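Keeping their order, the protein sequence lines are chains A and B.
Numbered by our numbering, the letters in the first sequence go through residues 3 to 259 in order.
Numbered by our numbering, the letters in the second sequence go through residues 78 to 142 in order.
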Amino acid sequence: MLRLYEVDLSSRLLLGTARYPSPAILTEAVKASGAQVVTVSLRRESGGERAGQGFWSLIRGLGVRVLPNTAGCHSVKEAVTTAHMGREVFNTSWVKLEVIGEDETLQPDVFGLVDAARILCKEGFEVFPYTTEDLIVAERLLEAGCRVLMPWGSPIGSGRGLNNLFGLQTLRARFPEVPLVVDAGIGLPSHAAQALELGFDAVLINTAVSQARDPVGMAGAFAQALAAGRAAYEAGPMEPRDLAAPSTPLIGTAFLA
Amino acid sequence: MRILVNGASREVRAADLSGALEELGYGGAVVATAVNGEFVPATDRPAARLTEGDRLEVLAPMQGG
Chain A
3 MLRLYEVDLS SRLLLGTARY PSPAILTEAV KASGAQVVTV SLRRESGGER AGQGFWSLIR
63 GLGVRVLPNT AGCHSVKEAV TTAHMGREVF NTSWVKLEVI GEDETLQPDV FGLVDAARIL
123 CKEGFEVFPY TTEDLIVAER LLEAGCRVLM PWGSPIGSGR GLNNLFGLQT LRARFPEVPL
183 VVDAGIGLPS HAAQALELGF DAVLINTAVS QARDPVGMAG AFAQALAAGR AAYEAGPMEP
243 RDLAAPSTPL IGTAFLA
Chain B
78 MRILVNGASR EVRAADLSGA LEELGYGGAV VATAVNGEFV PATDRPAARL TEGDRLEVLA
138 PMQGG
């Protein structure tokens, strides 16, 4: 069972809701994935079209928990204000905190992230910071009051998987008690399985599902991969070694030369 | 008076935020508001006075990753 801020979840997948071919496919993909948490955002609403109202009613109908993000925020003030607005609209103290530092890679501005996290945690938010695998930043985020960390696997939407395996493994080893969610960069179910085999608690995925040829099929594939990855972690993977070790016993080998 | 609503210039008659939202077609909608970059909670909207040139942001739930 995964526990994030006192909420128990049986699924280890947090699913994004953006870039699906249609609302119907989004709905089916969420169901196929088994996700109990979906990420959402806030964007400008037109008084004429009121597009956000339909989307919100669709999400409420799914019966899942929402994790509002601060996507697109480049400053502490923007992120904190967006978090306040999200808390009111979505009626949750959860926030996926993003403070973007650079547009090409969407790399987090970890300095702004720590500052914003400190403000929001003091105000009672339960912050899910989108961060890098940097150990010292992780420490600062925990000191600021975060009780979950979300290191990137690779840049958002890149689908490149776990880019810095050593860094991620070190982070896992350094903070064994903190729920760690790999957020961003996961492109394939095998990447998600790998994250869980390494002991990460969950993954947050969007593009890998929404941009698949068959998002519903891919959502199901991720659900299976996560179950396999977690089961493998719990079963205790073997230690890798450099040289071959015969698996068939040598004793009793026939002399046939 | 003219104010900027989500970046577009609009004419509104109401002097308070609640009235302006109603007038602009947001009546009953689930939205969050900010004026000149500062969040205005829903409970504060009736008392929030608008002045010429204010920048109003009206945000609603949207898809996100």
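Cβ coordinates follow ideal geometry from the N, Cα and C atoms, glycine included.
Model, not experiment: these values are computed from the prediction.
Can you tell me the Cα-Cα spacing of residue i and residue j, whole angstroms?
i                 : j                 : result
Val117 of chain B : Met87 of chain A  : 8 angstroms
Ala106 of chain B : Tyr7 of chain A   : 30 angstroms
Leu101 of chain B : Ala221 of chain A : 39 angstroms
Leu81 of chain B  : Cys148 of chain A : 36 angstroms
Leu190 of chain A : Gly104 of chain B : 43 angstroms
Glu88 of chain B  : Gly103 of chain A : 36 angstroms
Leu60 of chain A  : Ile27 of chain A  : 12 angstroms
Thr134 of chain A : Pro248 of chain A : 40 angstroms
Leu143 of chain A : Val112 of chain A : 9 angstroms
Asp131 of chain B : Asn83 of chain B  : 11 angstroms
Asp203 of chain A : Tyr235 of chain A : 10 angstroms
Glu134 of chain B : Ala111 of chain B : 5 angstroms
Ile138 of chain A : Arg46 of chain A  : 36 angstroms
Leu182 of chain A : Ala175 of chain A : 11 angstroms
Cys123 of chain A : Val108 of chain B : 24 angstroms
Asn113 of chain B : Glu80 of chain A  : 12 angstroms
Using a Cβ-Cβ distance cut-off of 8 angstroms, determine whether residue i contacts chain A.
i                 : result
Glu134 of chain B : yes
Asn83 of chain B  : yes
Val108 of chain B : yes
Leu94 of chain B  : no
Pro123 of chain B : no
Met49 of chain B  : With chain B covering only 78 through 142, there is no way to say anything about residue 49 of chain B.
Leu101 of chain B : yes
Ala137 of chain B : yes
Ala97 of chain B  : no
Would a check of beta-carbon distances place residue i closer than 8 angstroms to chain B?
i                 : result
Asn165 of chain A : no
Ile61 of chain A  : yes
Thr255 of chain A : no
Gly18 of chain A  : yes
Val205 of chain A : no
Gly49 of chain A  : yes
Thr41 of chain A  : yes
Glu90 of chain A  : yes
Thr83 of chain A  : yes
Met152 of chain A : no
Measure the beta-carbon distance from residue i to residue j and round it to whole angstroms, keeping in mind my assumption that it falls under 8 angstroms.
i                 : j                 : result
Ala137 of chain B : Trp58 of chain A  : 7 angstroms
Glu100 of chain A : Ala119 of chain A : Not quite, the Cβ-Cβ distance comes to about 11 angstroms (not below 8 angstroms), so this is no contact.
Q. Between the stretch 124–142 of chain B and the stretch 248–256 of chain A, do at least 3 Cβ pairs fall closer than 8 angstroms?
A. By the criterion of at least three beta-carbon pairs nearer than 8 angstroms, the stretch 124–142 of chain B is not in contact with the stretch 248–256 of chain A.
Q. In chain order, which continuous runs of the beta strand (DSSP E) of length 3 or greater are located wholly inside the stretch 9–81 of chain A?
A. Complete beta strand (DSSP E) runs here, min 3: 9–11, 15–18, 39–46 and 67–70.
Q | beta strand (DSSP E) segments (min. 3 residues) lying fully within the stretch 93–149 of chain A | A | Fully enclosed beta strand (DSSP E) runs of 3 or longer: 96–99, 102–104 and 128–133.
(Q) So, does the stretch 40–48 of chain A touch the stretch 16–24 of chain A, judging by three or more C-beta pairs under 8 angstroms? (A) They touch, by the three-pair rule.
Q. Are the stretch 182–189 of chain A and the stretch 156–165 of chain A touching by the rule of at least three beta carbon pairs closer than 8 angstroms?
A. Verdict: yes, contact present.
Q.
Extract the residue ranges of the alpha helix (DSSP H) inside the stretch 160–222 of chain A, only unbroken runs of 4 or more that lie entirely within it.
A. DSSP runs (the alpha helix (DSSP H)) wholly in the stretch 160–222 of chain A: 167–176, 191–199 and 209–212.
Q) Looking at C-beta atoms only, is the number of pairs between the stretch 163–175 of chain A and the stretch 204–216 of chain A that lie closer than 8 angstroms three or more? A) The way I'd put it, the stretch 163–175 of chain A doesn't touch the stretch 204–216 of chain A; fewer than three beta-carbon pairs between them come closer than 8 angstroms.
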